[in-house]
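Q: Residues 3 to 926 (the numbering used here) make up the first sequence, in order. I'd like to ask some things about the structure below.
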Amino acid sequence: MSAYNFREVEQKWQSFWESSQQFQASIDPSKPKFYSLDMFPYPSGAGLHVGHPLGYIASDIVTRYKRLKGFNVLHPMGYDSFGLPAEQYAIQTGQHPAITTEENIKRYTEQLKRIGFAFDWSKEVRTSNPEYYRWTQWIFMQLFDSYYDSDEDKAKSIQSLVEKFEKSGNAEVNAVCDEETLAFSASEWKAFSEKSQQEILLKYRLTFLAETTVNWCSALGTVLSNDEVKDGYSERGGHPVERKKMKQWSMRITAYAERLLNDLEKVYWPEPVKEMQRNWIGRSLGAEMVFKVKGHDLQIKVFTTRIDTIYGVTYLALAPEHEWVDQLITPDQREIVSEYVSTAKNRSERDRMSDVKTISGAFTGSYAINPFNGEKIQIWVADYVLAGYGTGAVMAVPGHDERDYNFAKHFGLEIRQVIEGDLENGSFPGKGGTIMNSAMLNGLEMQDAMNRAITFLEENNIGRGKIQYRMRDAIFTRQRYWGEPLPVYFKDELPYLMDEKDLPLVLPEVDKFLPTEDGDPPLGRAQDWTYKAVDGEFPIEKSTMPGWAGSSWYFFRYMDPTNESQFVGEEAEKYWGAVDLYIGGAEHATGHLLYSRFWTKFLYDRGFVSIEEPFKKMINQGMIQGRSNFVFRQKGTNTFVSAGLKDNHDTIPMHVDVNIVYNDQLNLEAFKNWRPDLADAAFILEDGKYHCGAEVEKMSKSKYNVVSPDDVIERYGADTLRLYEMFLGPLEQFKPWNTNGIDGVFKFLKKMWRLFHDAQDNFKVTDTAPSKEELKALHKAIKKVEEDIDKYSFNTSVSTFMICVNELAALKCNKRAILEPFLIILSPYAPHIAEELWAQLGHETSIIHSTYPIAEEKYLAEESHEYPVSINGKMRAKVSLSLDLSKEAIEEQALANETVQKWLEGKSPKKVIVIPGKIVNIVM
RNA sequence: GCCGGGAUGGUGGAAUAGGUAGACACGCAAGACUUAAAAUCUUGUGGCCGUAAGGCCGUGCGGGUUCGAUUCCCGCUCCUGGUACCA
């Protein structure tokens, strides 16, 4: 009887939206803008599963709603199409990653279009398109051409640095640079060879080539950045990762550490994501100082956050990788220390991390002098000291640092108390205490003692207060094929930028996507991979950019995707500005989200964009987990026992495809057809039904719990899918996908359709004036849905629609004055059916061009309220009373109530609390 | 270990400037329509006691504040995300 034909309706409106370019955004200064962004998808070969569109549906609802509210909306979609999976596939099959990527994108796009998203497809970008990545290369060139001026606290052109060098050398330059940069005068600068000058500039450039310790993943044949490594394994593929010294391009993101930290205050992001970034940046305030080595010219630099405990230092500890370890080893210690150092160095990062309990170290035989008291202290090598943090050396205070304490205890080193209190098993007060046994610092509290000690350091020129960050510079190169080539060539072993007019530097063809025999990256296989500069022909860089390069600025390109002369035009950039709503997963907290902020700040500093933070507001969508179903096979047979009876039999559970299970009931025929070996399966049923077991797991092919949006759309339509994904619960929450409730939203749409049609499915809407009840039902919904969208509480909106339709159905309402506004408020959630009924109502323009109705308070006003009357806090009776009654009158009416009288048992209450419009509470 | 997030019926979830716990939906049960099924509609549905009226218990656990606590405070348990020799 129901003629809601979602297939026809959805197909019709999707082609209408596409052919009439309804969602194409253009600059319109007369309207407020709203830029809504979804996280850049990587088009994987598996296609979309129902978890992927969750965030897209939410943002689609917001953008469609914002349009109805008069905003000019930019809601683009595109693909982060460089990436490892396509390349791994290419290595296995020889198929060019560009082909795989193209196919995957096609599939993704089709899937997305079937869900009815209001994306502006004319703005689509793909990071692997040369027209796109020429600008990624261009930004890289700007970074190469910039340095960070610490005085002005911004990036400036390298040319301005050269000018300073020419004027006064680097003595007065306060810039972020490599640690070991030496001082030189203007005349020295001018006298340097070009090569020396370039070498020096490289120490200042915001992207630079340097020997660094990297995360090397031999299975993937490439280096990985810190955020791509999880627990010593690669995030993609789960291959082991080791530490290795290699020459690599890096990004001087550490120059921006302070701003990246402080500006978190300016964005409306989920607190956990901000917190993750804060931890990742890891700012700590402390002091840096040097210890002289007895009998050497060397000075060992350490970083400490507790300089107040300087008199408690009883030894120094160096990382095994520390550059002076070898020189410090005395002959009698040589054998034992060398052995320790080589074992410690060769220990993989994983071993080191999984085994933090074992204490190991070796005494070098050398001694350092504590400049505060002239004491001679041993210098040890210990692998609890990390080479990559601070200076790779620590001053050990076993009395007040747990790691130093354990180490000293293990090796029998002195443990000295310098903070008052109990030192039973070491004392590690986080918030300080009074200093003791510390000469000039005695009696001071932590902060005063630190200040005093730092003053001493500065007066004696042996150290200073320092801010240390945990965050490292970001490695920027990957030894892979499927990424952006770096527009850099080498002359005399030194990197030079190609000319801008030669962009894009297009990825060359190679015979295989593997490293060369000499261990060069795949680009080493390319023919003529050289650059013809004015002064000769030079080899081009063979590594490519990491996955995060293209995604660190794509939000700018969407504003102006076809601009051939700039990465984004000023007008577009100024108009669209920062992203107003960014919906995506929290897993990008320390990668993409940090890099994007970094590049945006850089582009801002250099005057290329007008915003300093790319994403004003962000919300995280929770992951949709899989919900697996199980059947229970009787051991050694082809008989399957229903879940409720399985304990009566000897069974083993087996994953069954969730797509042949409905509401946990197995479709027996489909099961027999699922696999040939199940064709003769027998069943032991409960009430004629086979109930499956269920469990929440990750959505994955091997668990047969992957649900594709295509299947859901096939069965129920896109509008039902959209509503259901929202109805499932709060957006941010992690939840398993299960279709147990999907019939409910589908029924809701059919029920709504019937409001517009008679029993024979003839369209039947009247122009009769609406009743008070009908208006109230409608305006309640208008108000609630609006509040919900503002709070991103989409699940409660769906309930609101249901309540409204239930009420209207009960009132048998088929009045245009009610149904029209209702369709408008529903349209962001279920756009296809809304468009269809809107058209049936006789409208010739799309519902997207209508205006969100205003919730009128006058229809919402209640005259009376059913007061719950509590006695001692327990609800006992209800009294319906007019809302304009006085407190006294309410009390009187409530007390007069029969049930209340019964509870009072003739006594008079101690106290009566009346909250008009809410509740009455009687205290006995 | 440290820093986040969370725990409400058989299920997904709703309700927090403190004010009727369980909206809405699924599932289940009974009924109507139908030769039958599907679809649709009606009614019931937190637990326990009771034919009923009604009562008692109930928002992870234990306390506290309050006329009143899912909501606020203190102390725990469990699940979950991040991070970890960061000096």
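The beta-carbon is built from N, C-alpha and C at its ideal position, and this holds for glycine as well.
1. Are N217 and L211 touching if we call contact CB-CB under 9 Å?
2. Name, in chain order, the residues that DSSP records as bridge partners for D40.
3. May I ask which residues mark the beginning and end of the beta strand (DSSP E) holding V164?
4. So what does DSSP say about G690, is it helix, strand or coil?
5. Let me confirm a value: M3 is counted as buried when at least 16 other C-beta atoms fall within 10 Å, else exposed. Which label applies?
6. Run the CB neighbour count on G908, radius 10 Å, all protein chains shown included, and call it buried at 16 or more, exposed below.
7. Can you tell me the Cα-Cα spacing of P911 and Q895, whole angstroms?
8. Can you check which of these residues, L39, A398, A645, I626, is closest to R635 by C-alpha distance?
9. Give a yes or no on whether the C-beta atoms belonging to Y533 and P523 are separated by under 9 Å.
10. Roughly how many angstroms separate the alpha carbons of L680 and N640, rounded to a whole number?
11. Can you list, in chain order, the residues of its chain with a C-beta nearer than 8 Å to that of I456? Leave out the 5 residues immediately preceding and following it.
12. Apart from the five residues on each side of it in sequence, which residues of its chain come closer than 6 Å, Cβ to Cβ, to L777?
13. Could you tell me whether the Cβ atoms of T802 and K786 are closer together than 9 Å?
14. Count the other C-beta atoms from every protein chain shown that fall within 10 angstroms of the C-beta of H412, then say buried if there are 16 or more, exposed otherwise.
15. According to DSSP, simplified to helix, strand and coil, what is F409?
16. Three-state secondary structure (DSSP) at Y67?
17. For L446 and E573, what's the separation of their Cα atoms in angstroms?
18. At what residues does the alpha helix (DSSP H) containing K276 begin and finish?
19. First and last residue of the beta strand (DSSP E) that includes R9?
20. What number of angstroms, rounded off, separates the C-alpha of I873 from the C-alpha of I924?
21. So A60 and Y150 are supposed to be a Cβ contact under 8 Å. How far apart are they, rounded?
22. In the DSSP assignment, the alpha helix (DSSP H) including Y718 goes from what residue to what residue?
23. How about the region 721 to 741 and the region 624 to 631: do they share at least three Cβ pairs that are nearer than 8 Å?
24. Suppose you measure from the CA of K876 to the CA of E868; what does that come to, to the nearest Å?
25. Give me the Cα-Cα distance between V611 and G367, rounded to the nearest whole angstrom.
26. Tell me the rounded alpha-carbon separation between A811 and I820.
27. Leaving out the 5 sequence neighbours to the left and right, which residues in its chain are closer than 7 Å to L505 when beta-carbon positions are compared?
28. CA-CA distance, F558 and I744?
29. Return the bridge partner residues of F758 from the DSSP annotation.
30. Give the C-beta separation of V698 and T722 to the nearest angstrom, bearing in mind that I take them to be a contact with Cβ-Cβ under 8 Å.
31. Excluding the 5 residues flanking E688 on each side, which residues of the same chain have their C-beta closer than 7 Å to its C-beta?
32. For M877, name the three-state secondary structure that DSSP assigns.
33. Between T214 and Q449, what straight-line distance do the alpha-carbon atoms span, to the nearest angstrom?
34. P517 to M253, Cα distance in whole Å?
35. CA-CA distance, C219 and Y606?
36. Among the residues of its own chain, which have a CB less than 8 Å from the CB of R207, if the five just before and after it don't count?
A: On the basis of the supplied data:
1. no
2. I585
3. First-last for V164: 160 to 170, but that is the alpha helix (DSSP H), not the beta strand (DSSP E).
4. coil
5. Summary for M3: the model assigns pLDDT 40, below 50, so the residue's position carries little reliability, and this model does not support an answer.
6. exposed
7. 14 Å
8. A645
9. no
10. 7 Å
11. A289, I309, G465, R466, G467
12. Y861
13. yes
14. exposed
15. helix
16. helix
17. 59 Å
18. 273 to 283
19. Unbroken run through R9 is the alpha helix (DSSP H), 8 to 21; no beta strand (DSSP E).
20. 5 Å
21. Actually they do not touch by this definition, with Cβ atoms about 38 Å apart.
22. 711 to 718
23. yes
24. 16 Å
25. 57 Å
26. 12 Å
27. R136, Q139, W140, P489
28. 38 Å
29. Note: F758 sits in no beta bridge, so no partner.
30. Actually they do not touch by this definition, with Cβ atoms about 23 Å apart.
31. S644, G646, L647
32. strand
33. 36 Å
34. 24 Å
35. 34 Å
36. L145, F146, D147, S148, Y149, I160, R254
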